[in-house]
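Working notes, beginning with the structure itself.
2 protein chains.
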Amino acid sequence: MIKERLQKCCSLMKEAGLDVLLLTKPSNMFYLTGDGRLCTYAMITQGGKVALGVPVTDVEDVKRLAHFDHIVGFDDEVGMIHSIAHYFEHFGIKEGTLGLEYTFLTQAMMGMMTHPHAKPEKVTPKDCTHILSAIRMVKEAEEIERIRAAAKVAVKGMDAAVRAVAPGVTESRVAAAAEFAMREAGAEGFWRTYVASGPRTNVAHGLPTNRKIEKNDLVMIDVHPIVDNYSADICRTVCAGKPTAEQQATYDLYLEAQQGTIKMLKAGAEMMTLENHLHQVMKDGGHGDHIFGPPIHGVGIEFEEAPLPPGHAFFHGEKAPPPLLANVVLAVGNCGLYAGPWGVRVEDTNWVKADGYETLTEYPRRLQPQSNVG
Amino acid sequence: MIKERLQKCCSLMKEAGLDVLLLTKPSNMFYLTGDGRLCTYAMITQGGKVALGVPVTDVEDVKRLAHFDHIVGFDDEVGMIHSIAHYFEHFGIKEGTLGLEYTFLTQAMMGMMTHPHAKPEKVTPKDCTHILSAIRMVKEAEEIERIRAAAKVAVKGMDAAVRAVAPGVTESRVAAAAEFAMREAGAEGFWRTYVASGPRTNVAHGLPTNRKIEKNDLVMIDVHPIVDNYSADICRTVCAGKPTAEQQATYDLYLEAQQGTIKMLKAGAEMMTLENHLHQVMKDGGHGDHIFGPPIHGVGIEFEEAPLPPGHAFFHGEKAPPPLLANVVLAVGNCGLYAGPWGVRVEDTNWVKADGYETLTEYPRRLQPQSNVG
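Those protein sequence lines, which keep their order, are chains A and B.
Using the working numbering, the first residue of the first sequence is number 1, and each one after it goes up by one.
Using the working numbering, the first residue of the second sequence is number 1001, and each one after it goes up by one.
In structure tokens form, the structure reads like this:
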């Protein structure tokens, strides 16, 4: 599996004129070597050779998990730079083009990766984000099964969170319920949990606070467990009591936009068409001014990854995506509808197939989900 | 408070020849405006004017929390770039030096911040990391109290985790106990939780997995709650049974190194001297080859921030720190001792005072902490 991925990677490197990659983003390293962790790097040649540099403490653990041709442990930052220089020399790379992850490297990390003691002078850095995105975009059968497993854990987390919603309970306590349930169900971790209530449901990134939920508040919950290195993405909005008629109508509109877009999923569909459809339903319902953020994104090792709709992709350092291929996994509903005093969002993770789709995050989509709310 | 911080910031900008800052790092924006969140920016002029750009959804929420002279909401990435251009024009900045956070901005984000439609051509970008680090390094009385509150929550999380340690329990389940307890105790969130057991205690960044703890395993737990926007850092290593004589002796050595270094904390002490002392105790005990990572770092809005010892500071894009000033808060013991088959680490958050220190994370430091372990 790793070998096939490496082959694809090398052929894309050739096309893009990249002689060697120097990866530091854990998700990319995991995909191409079987292990991804902080403070490590993977150098990958166009010939498919993999050289790893890891903290000296981690050598045995990485050896157990990763595919590689060479591995070296370093003691500190200077050691890391020298080990990179060593690999350039070992592979005989004195000039050419070096692929770096421009969407991951900070300016400071960039300074280390292209340090004059590491990189030969005639080796020129260039962004390689699109190569990794291209090969990770279409999922293998085993990856789909892992995302399906993560989706099941996400549903358990959502259920625990929804059951925790009640007047007087803090947003953070609702998040606690979701996170605890996800770890109990097999998650090794999770990406940030969002829980926002009342007026905070109108905020784009509603990280939980100690705000206490009030009776009849809307509560927006968005969770992303990590299970066996893969993720899933689900969002639900529920009411801690009785929604107003306007809230119910707005929720119904958003759900129509989201579900209608999901129904359009199949190989060959264009991301732009999907985004336009979702937005059009909102516009037709009088909420054209209440849109924010990419409504659709990929899900895999990361809960938010390529593909993104073209406009967003550009600013996130990604290329505009091709028409959907079978076995892309997409979260639909990421944008939300922000009405001003409150907002609603419903998001699901979906497996795109040749002739249709399967929603992996099946959980009720109702503002008033069960008796203990309200 | 915010006004005093802005004054200090402006005088450091003047010294460094920076005409304007364009901040996107949430911790820095929080410090200078009272609100920090993703996908927003703060432009700060040398005259102390603050202009914010936030998602249109977030305008009301930010207005409620932040200090600013101007605020604008944008709809998408293009709108964000245009709003930056607007502020450059509004402040009459056509040339000069623009401070950007090189330790935070990825290459892709850098492209947006310096987009030709945003930044006037004659405005030159330069790193401003050291300015924010310098003003955030010495804590105000209220900041110390917030870190103290976070430390109390960290201790509760640690206690819950230690009590969850038992043979057959997964690392992730131990993390769940810590995280749930921290949210229950008032945390709005937390930085990543580390739980590593058995051979994984030798790994530099031991994120939890589904490995089941075995009888007599060492278990390393490191937690960092966020309480009222401030953090604390505590690590303990415990044994799920009876440690070997070698494990106990190694633990005692590391604890001696860590506690001896803490006892040297006071205004005027040099970070390099502290690091050397901690390392020397390990070397004298025969563990000179088992050191990895910066042994000391600052704690505040982030669980790991400036100051760092000089060598590490350089590679993290920071300047070498001055001798300690009163009211710096430091975590001591971050490096750990990695013996090969296992490792040990004990870390505490300490308030540096004019004549000494106070440890804020008081929790027993024993390999066998209580009866239910083993």
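No residue lacks a Cβ here, since even glycine has one placed at the ideal position from N, Cα and C.
inquiry  = Please classify G1099(B) as buried or exposed, where buried requires at least 16 other C-beta atoms within 10 Å of its C-beta.
reply    = Taking the first residue of the second sequence as position 1, residue 1099(B) is located at position 99. Answer is buried; the Cβ neighbour count reaches 16.
ask   = If you draw a straight line from the C-alpha of K1014(B) to the C-alpha of T106(A), how long is it?
value = Position 14 of the second sequence, counted from the first residue, corresponds to residue 1014(B). Position 106 of the first sequence, counted from the first residue, corresponds to residue 106(A). Going from the Cα of K1014(B) to the Cα of T106(A) covers about 25 Å.
Same chain only: Cβ atoms within 6 Å of A1051(B), ignoring 5 sequence neighbours per side = Taking the second sequence and counting its residues from 1, one reaches residue 1051(B) at position 51. Same-chain partners within the cutoff: M1043, H1070 and Y1087.
query = Would you call R345(A) buried or exposed, if buried means 16 or more other Cβ atoms sit within 10 Å of its Cβ?
reply = Locating residue 345(A) in the first sequence gives position 345, counting from the first residue. Buried, by the Cβ-count rule.
query = Going along chain A, which residues have a C-beta under 7 Å from M1112(B)?
reply = For the purposes of this step, residue 1112(B) is taken as the residue at position 112 of the second sequence. The contacting residues are F315.
query = Can you name the residues of chain A whose CB is closer than 9 Å to the CB of Q1247(B)?
reply = In the second sequence, residue 1247(B) corresponds to position 247, counting from 1. Residues of chain A passing the Cβ test: none, with the nearest at roughly 17 Å.
query = Over what stretch of residues does the alpha helix (DSSP H) that includes C10(A) continue unbroken?
reply = The residue given as residue 10(A) occupies position 10 in the first sequence. Bounds of the alpha helix (DSSP H) holding C10(A) are I2 to A16.
ask   = Straight-line CA distance for M109(A) to Q248(A)?
value = Counted from its first residue, the first sequence places residue 109(A) at position 109. Counted from its first residue, the first sequence places residue 248(A) at position 248. Taking the straight line joining both Cα atoms gives about 48 Å.
query = Going along chain A, which residues have a C-beta under 7 Å from P1208(B)?
reply = By one-based count along the second sequence, residue 1208(B) stands at place 208. Here the neighbours are E188 and G189.
message = Using the Cβ count rule (16 or more neighbours within 10 Å means buried), how would you classify P1323(B)?
response = Walking along the second sequence from the start, residue 1323(B) turns up at place 323. Answer is exposed; the Cβ neighbour count stays below 16.
ask   = Between V238(A) and the rest of its own chain, which residues show a CB-CB distance below 8 Å, the 5 nearest in sequence each way excluded?
value = To locate residue 238(A), count along the first sequence from 1; it is residue 238. Once the five neighbours on either side are set aside, the close Cβ partners of V238(A) are V162, V165, L218, V219, I221, R366, L367, Q368, P369 and V373.
task = Enumerate in chain order the residues of its own chain whose CB-to-CB distance from A1149(B) is below 8 Å, with the five nearest sequence positions on each side excluded.
result = Translated into positions along the second sequence, residue 1149(B) becomes position 149. The answer, listed in chain order, is G1186, V1227, D1228 and Y1230.
ask   = Along the chain, which unbroken stretches of the beta strand (DSSP E) at least 3 residues long are found entirely within the segment 183-254 of chain A?
value = Counting only unbroken stretches of 3 or more residues, the beta strand (DSSP E) elements lying wholly within the segment 183-254 of chain A are 194-197, 218-223, 225-227 and 234-239, in sequence order.
ask   = Looking only at its own chain, which residues have a Cβ that is under 6 Å from the Cβ of G976(B), when we skip the five neighbours before and after it?
value = Residue 976(B) falls outside the range modelled here, since chain B spans only 1001 to 1374, and no answer is possible.
task = Under 6 Å Cβ to Cβ from E1184(B), same chain only, skipping five residues before and after it: list those, please.
result = Numbered from 1 along the second sequence, position 184 holds the residue referred to as residue 1184(B). Once the five neighbours on either side are set aside, E1184(B) has no close Cβ partner at all.
task = Determine whether the Cβ of E1179(B) lies closer than 8 Å to any Cβ atom of chain A.
result = Translated into positions along the second sequence, residue 1179(B) becomes position 179. Nearest CB-CB separation between E1179(B) and chain A: below the 8 Å threshold.
request  = Only counting runs of 4 or more residues, tell me where the alpha helix (DSSP H) segments fall wholly within the segment 89-122 of chain A, in order along the chain.
outcome  = Fully enclosed alpha helix (DSSP H) runs of 4 or longer: 107-113.
task = Locate the alpha helix (DSSP H) running through M1137(B), then write down its first and last residues.
result = The sequence position of residue 1137(B) within the second sequence is 137, counting from 1. Run containing M1137(B): T1129 to M1137, per the alpha helix (DSSP H) assignment.
query = Are there 16 or more other CB atoms within 10 angstroms of the CB of D1252(B), so buried, or fewer, so exposed?
reply = The count along the second sequence starts at 1 and reaches residue 1252(B) at position 252. By the neighbour-count rule (16 or more Cβ atoms within 10 Å), D1252(B) is not buried but exposed.
task = Taking F1303(B) as part of the beta strand (DSSP E), name the residues at either end of that continuous run.
result = Here the question's residue 1303(B) lines up with position 303 in the second sequence. Unbroken run through F1303(B): none, as it is neither H nor E.
message = If you reduce the DSSP assignment to three classes, tell me which class H1082(B) lands in.
response = In the second sequence, residue 1082(B) corresponds to position 82, counting from 1. Here DSSP, grouped into helix, strand and coil, assigns H1082(B) to helix.
query = Does any residue of chain B bring its CB to less than 8 Å from the CB of A16(A)?
reply = Walking along the first sequence from the start, residue 16(A) turns up at place 16. For A16(A), the nearest beta carbon of chain B is not closer than 8 Å to its own beta carbon.
inquiry  = Within 8 Å of any Cβ in chain B, is that where the Cβ of A204(A) sits?
reply    = Mapped onto the first sequence, residue 204(A) falls at position 204. Cβ-Cβ to chain B under 8 Å: yes for A204(A).
Spatial distance of W1342(B) from A240(A) (CA atoms) = On the second sequence, residue 1342(B) is found 342 positions in, with the first residue counted as 1. On the first sequence, residue 240(A) is found 240 positions in, with the first residue counted as 1. Each residue's Cα considered, the two are about 48 Å apart.
request  = Can you tell me which of the three DSSP states L32(A) falls into?
outcome  = Position 32 of the first sequence holds residue 32(A). Correct three-state label for L32(A): helix.
message = So that I know if they touch, is there some Cβ in chain C lying closer than 8 Å to that of E1347(B)?
response = The chain inventory of the structure shown lacks chain C, comprising the protein chains A and B.
message = Let's test the definition: count the other Cβ atoms within 10 Å of the Cβ of E171(A) and tell me whether it reaches 16, buried, or not, exposed.
response = Position 171 of the first sequence, counting from 1, holds the residue named residue 171(A). By the 10 Å Cβ count, E171(A) comes out buried.
query = Name the DSSP bridge partner or partners of M43(A)?
reply = Here residue 43(A) refers to the residue found at position 43 when the first sequence is read from its first residue. Answer is L22(A) and A51(A), bridged to M43(A).
task = Tell me whether G374(A) sits in a helix, a strand or coil according to DSSP, three-state version.
result = Position 374 of the first sequence holds residue 374(A). With a pLDDT of 39 at G374(A), under the threshold of 50, the modelled position of this residue cannot be trusted; read the value that follows with caution. Coil at G374(A), not helix or strand.
Euclidean distance between Cα positions of R1211(B) and A1175(B) = The count along the second sequence starts at 1 and reaches residue 1211(B) at position 211. The count along the second sequence starts at 1 and reaches residue 1175(B) at position 175. The straight-line gap separating the alpha-carbon atoms of R1211(B) and A1175(B) is approximately 12 Å.
query = Comparing the C-beta of S1172(B) with each C-beta of chain A, is any distance below 8 Å?
reply = Taking the first residue of the second sequence as position 1, residue 1172(B) is located at position 172. When Cβ-Cβ separations below 8 Å define contact, S1172(B) makes contact with chain A.
message = Taking the straight line between their C-alpha atoms, what separation do you get for M158(A) and W191(A)?
response = For this step, residue 158(A) is matched to residue 158 along the first sequence. For this step, residue 191(A) is matched to residue 191 along the first sequence. Looking at the two C-alpha atoms, the distance is approximately 14 Å.
inquiry  = Ignoring anything shorter than 4 residues, give me the alpha helix (DSSP H) runs that lie fully in the segment 1296-1362 of chain B, in order along the chain.
reply    = Within the segment 1296-1362 of chain B, the runs of alpha helix (DSSP H) at least 4 residues long that lie entirely inside it are, in chain order, 1310-1315.
request  = Using a Cβ-Cβ cut-off of less than 7 Å, list which residues of the segment 1026-1052 of chain B approach chain A; keep chain order.
outcome  = The segment 1026-1052 of chain B vs chain A, Cβ under 7 Å: R1037, L1038 and C1039.
request  = Output yes or no for whether 8 Å exceeds the beta carbon distance between A354(A) and V299(A).
outcome  = Within the first sequence, numbered from 1, the residue matching residue 354(A) stands at position 354. Within the first sequence, numbered from 1, the residue matching residue 299(A) stands at position 299. No, the pair does not count as a contact, with Cβ atoms beyond the cut-off.
request  = Establish whether the CB of Q368(A) and some CB of chain B are separated by less than 8 Å.
outcome  = By 1-based counting over the first sequence, the position of residue 368(A) is 368. So no, Q368(A) is outside the interface.
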